[in-house]
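Encoded as structure tokens, the structure appears first; notes follow it.
There are 2 protein chains.
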Amino acid sequence: MLSLHQLTCFLATYEHRSLTRAAEELGYAQPSVSEQIRNLEKSLGVPLFRRVGRGVIPTTAADTFRPHAEKVLAASDEAQRAVASIKSLETGTIRFGMFGVARLYGGAGLVADVLERHPGVRVELVGQHSREVQENLRRGRLEVAMIAVAGIESEGMSITPIARDELVYISADPSRLTSPVTAKQLSEARLVMPETTWRDSDSARIVLRRMLHEAGYNPTTRIEVEDIETAVELVGRGLADTVTNKGAALQLLPRLAPNAGWVSLRPRLYDTMAIVHRTGATLSPAAQLMIELATQRIQAILEPV
Amino acid sequence: MLSLHQLTCFLATYEHRSLTRAAEELGYAQPSVSEQIRNLEKSLGVPLFRRVGRGVIPTTAADTFRPHAEKVLAASDEAQRAVASIKSLETGTIRFGMFGVARLYGGAGLVADVLERHPGVRVELVGQHSREVQENLRRGRLEVAMIAVAGIESEGMSITPIARDELVYISADPSRLTSPVTAKQLSEARLVMPETTWRDSDSARIVLRRMLHEAGYNPTTRIEVEDIETAVELVGRGLADTVTNKGAALQLLPRLAPNAGWVSLRPRLYDTMAIVHRTGATLSPAAQLMIELATQRIQAILEPV
DNA sequence: TTCAATCCCTAGGCAATACCTATGAATGTG
DNA sequence: CACATTCATAGGTATTGCCTAGGGATTGAA
Chain A
160 MLSLHQLTCF LATYEHRSLT RAAEELGYAQ PSVSEQIRNL EKSLGVPLFR RVGRGVIPTT
220 AADTFRPHAE KVLAASDEAQ RAVASIKSLE TGTIRFGMFG VARLYGGAGL VADVLERHPG
280 VRVELVGQHS REVQENLRRG RLEVAMIAVA GIESEGMSIT PIARDELVYI SADPSRLTSP
340 VTAKQLSEAR LVMPETTWRD SDSARIVLRR MLHEAGYNPT TRIEVEDIET AVELVGRGLA
400 DTVTNKGAAL QLLPRLAPNA GWVSLRPRLY DTMAIVHRTG ATLSPAAQLM IELATQRIQA
460 ILEPV
Chain B
160 MLSLHQLTCF LATYEHRSLT RAAEELGYAQ PSVSEQIRNL EKSLGVPLFR RVGRGVIPTT
220 AADTFRPHAE KVLAASDEAQ RAVASIKSLE TGTIRFGMFG VARLYGGAGL VADVLERHPG
280 VRVELVGQHS REVQENLRRG RLEVAMIAVA GIESEGMSIT PIARDELVYI SADPSRLTSP
340 VTAKQLSEAR LVMPETTWRD SDSARIVLRR MLHEAGYNPT TRIEVEDIET AVELVGRGLA
400 DTVTNKGAAL QLLPRLAPNA GWVSLRPRLY DTMAIVHRTG ATLSPAAQLM IELATQRIQA
460 ILEPV
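Note that the protein sequences, when read in sequence, are chains A and B.
Just so you know, the working numbering puts the end of the first sequence at 464, numbered straight through with nothing missing.
Just so you know, the working numbering puts the end of the second sequence at 464, numbered straight through with nothing missing.
Have a look at this one:
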């Protein structure tokens, strides 16, 4: 079986025309190099050097072999170098899980931050929703993610809360924004809610349902849409009100529903943003970088926990 | 220290997304592959796979590493292949296809040339006739050959003309050699022709038949023999005339028919000598050597094309 | 929920390999 | 003819590669 070590010994010997000097250069004893060359010759089935009194002389087979050996070692170096630059985040792909709303808080800026520090890198923000992201985490397709969690569930996962995001009531009707909205008002409101597909596992919805149940009401929504932008736009047209994360509201209202406003709930409700990864996993430098940057961004916008 | 074996294990694991299946493919126990991957990860300083319940999942570092690993192994294979073909020049057998007449031009000298450069080698000149040689080429029993071709036929074969050999009229009767022989004279002559067995596919005969047909004559031969030496000898005895390659005539006349002479045909006809091998084949050093030597020999005697 | 199957890891043992030092044999050199 | 240099061999130790056996975790089905 050919080995890279044999090739190294071969090239040193070829250059120096001497096993002794090759061994010196490589820091081995002379018989060790001798043995490597012997094994290489055996595995190739061709003598590579003629042993003459003073030193060794490469055969024509060695002449032919040399450029190939150099190419193999060069490719090997290149392979190591490629991985080393991954390690130092010079190139490669960083994959980070992020649910829908979080991208509003930092998505584009996060990518910008990463690219600014590591211009060669590719960035992927994966996941439409925190639940889906969680699934990918569990299956190992994602190393780390930032998601919204309703509680500290999911065993096997290490969840580190980094910020909380208040849930607020949004409406285009100023009369409904005069004071904090109660469960009763909420149950009577005409609501448009986003994230239809994930309605059962969306953490904001879970928190909301819990609050309503405790007050003895059932959640009812008039309209179901998939993305929060659409929901906010509908609010802007006065067709319904909605409840969503305050951070998202602050960002979207001026653009999509300038005539609408927001007010807290009573009692106040919060969505928790957390960094999640498999318990016990050693995080890669890429993951650690993303955690740091994402945390900074989120905490600059929301209330740190 | 990086090793080729680690790369092999890595690629198998990467492809199968499973240590167990990689081990199966490579014929090892699963912990052995596991250990190789672990060592590779250690030496690269980067985790390559995330171990998740069912199988393993490559990290982005692994994605980056993979093409490099493949390149290293490819270079290694190439290195071994290169030496293997060198080896065949030093210990193996060089087999070269050559048709009957060509051996007159260089056969013995060619073998001498090869042995002088590669004393350890065995040389075989294969083939009685260009047609038979072509058959062996087609079946892959010969890598390369020098044959006479009537045209550029034979799909799948790469044909490189290297020289042309005039067909000349040979006679012991000086009166028939005073001027170039025409189709009419040819059709009226008493001819002895060699290569009886291959009469239909012999390129010299094909060229000759074509010329006669165009002039409205049918080829008729008085005597058919197998080898050209016999034919020339019969010409020397005045029993018949013949048409053969000029190169062969020049070589054989002094020895076998000193009283005979030759004259061109009108119009002049030529037999083409060409190097033939399977299209797309990578020629071994042995083959390249033979091509070079044979071409030199032939072109020293005949007119290069 | 439970159970069996799957898959990876760890542990411990054996064999092969890598490397060392010491020494012998061959070949040029003074 | 000694001497210096260089490679090969011998023998011992440490490391590595590979194996089997068994444990823990995840997955998919009952």
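Ideal placement from N, C-alpha and C gives every residue a C-beta, glycine not left out.
Note that the structure is a prediction, hence the values are computed from the model and not measured.
Query	Result
Comparing C-alpha positions only, which one of A:184, A:279, A:219 sits nearest to residue 205 of chain A?	A:219
Per DSSP, which one or two residues make a beta bridge with residue 255 of chain A?	A:284
What ranges does the alpha helix (DSSP H) occupy inside the region 400 to 449 of chain B, keeping only unbroken runs of at least 4 residues that lie completely in it?	405 to 415
Buried or exposed: residue 338 of chain A, going by 16 or more other Cβ atoms within 10 Å of its Cβ?	exposed
Pick out whichever of A:344, A:304, A:416, A:166 has its Cα sitting closest to the Cα of residue 200 of chain A.	A:166
With respect to the beta strand (DSSP E) encompassing residue 184 of chain B, which residues constitute its N-terminal and C-terminal limits?	It is not in any beta strand (DSSP E) - residue 184 of chain B instead sits in the alpha helix (DSSP H) that spans 178 to 185.
For my contact list, residue 253 of chain A and residue 433 of chain A are in at a C-beta cut-off of 8 Å; report their separation, rounded to the angstrom.	About 19 Å separates the two Cβ atoms, so there is no contact after all.
By a C-beta neighbour count over all protein chains shown, 10 Å radius and 16 as the cutoff for buried, is residue 398 of chain A buried or exposed?	exposed
Considering just the uninterrupted stretch of the alpha helix (DSSP H) at residue 222 of chain A, what are its terminal residues?	219 to 246
Is the beta carbon of residue 173 of chain B sitting closer than 8 Å to the one on residue 226 of chain B?	no
Three Cβ pairs or more, each shorter than 8 Å: is that satisfied between the region 413 to 421 of chain A and the region 344 to 353 of chain A?	no
Would you mind sorting residue 450 of chain B into buried or exposed? The rule is 16 or more other CB atoms within 10 Å of its CB.	buried
Measure the alpha-carbon distance for residue 448 of chain B versus residue 274 of chain A and round it to whole angstroms.	56 Å
For residue 404 of chain B, count the other beta carbons within 10 Å of its own beta carbon; 16 or more makes it buried, fewer makes it exposed. Which is it?	buried
Our contact map puts residue 382 of chain A next to residue 407 of chain A with C-beta atoms below 8 Å; I'd like the distance itself, whole angstroms only.	Contact doesn't hold; Cβ gap of about 17 Å is too wide.
Consult DSSP for residue 370 of chain A and reduce its assignment to one of helix, strand or coil.	helix
Given a cut-off of 8 Å, decide if residue 395 of chain A and residue 331 of chain A are closer than it, judged by their beta-carbon atoms.	yes
Name the chain A residues whose beta carbon is nearer than 8 Å to that of residue 494 of chain B?	Absent from the model: residue 494 of chain B. The displayed extent of chain B is 160 to 464, so no value can be given.
Quick one: Cα of residue 462 of chain A to Cα of residue 410 of chain A, how far?	15 Å
Taking DSSP as the reference, what is the three-state secondary structure of residue 324 of chain B?	strand
Need the endpoints of the alpha helix (DSSP H) that residue 273 of chain A sits in, please.	267 to 276
Nearest to residue 422 of chain B by CA position, among B:177, B:335, B:368, B:240, is which residue?	B:335
I'd like to know whether the C-beta of residue 239 of chain B is nearer than 8 Å to at least one C-beta of chain A.	yes
Exposed or buried, residue 302 of chain A, counting other C-beta atoms within 10 Å across all chains shown (16 or more means buried)?	buried
Let me check understanding here. Comparing Cα to Cα, which of A:379, A:249, A:402, A:239 lies closest to residue 362 of chain A?	A:402
Rounded to the nearest angstrom, what separates residue 187 of chain A and residue 196 of chain A at their Cα positions?	13 Å
Would you say residue 402 of chain B reaches chain A, if we count a Cβ-Cβ gap shorter than 8 Å as a contact?	no
To which residues does DSSP link residue 304 of chain B through a beta bridge?	B:256, B:435
Note down, in chain order, every chain B residue with its Cβ under 7 Å from the Cβ of residue 254 of chain A.	219
So is residue 374 of chain B in contact with chain A if we call contact Cβ pairs under 8 Å?	no
With a threshold of 16 other CB atoms inside 10 Å of the CB of residue 223 of chain B, please say whether the residue is buried or exposed.	buried
Checking the sheet assignment: what are the DSSP bridge partners for residue 330 of chain A?	A:420
Exposed or buried, residue 291 of chain A, counting other C-beta atoms within 10 Å across all chains shown (16 or more means buried)?	buried
If residue 371 of chain A sits next to residue 346 of chain A, beta carbons under 8 Å apart, how far is it from one beta carbon to the other, in whole angstroms?	6 Å
Look at the Cβ atom of residue 430 of chain B, then the Cβ atom of residue 340 of chain B, and state whether they are nearer than 8 Å.	no
Please confirm whether residue 231 of chain B has its beta-carbon closer than 8 Å to some beta-carbon of chain A.	yes
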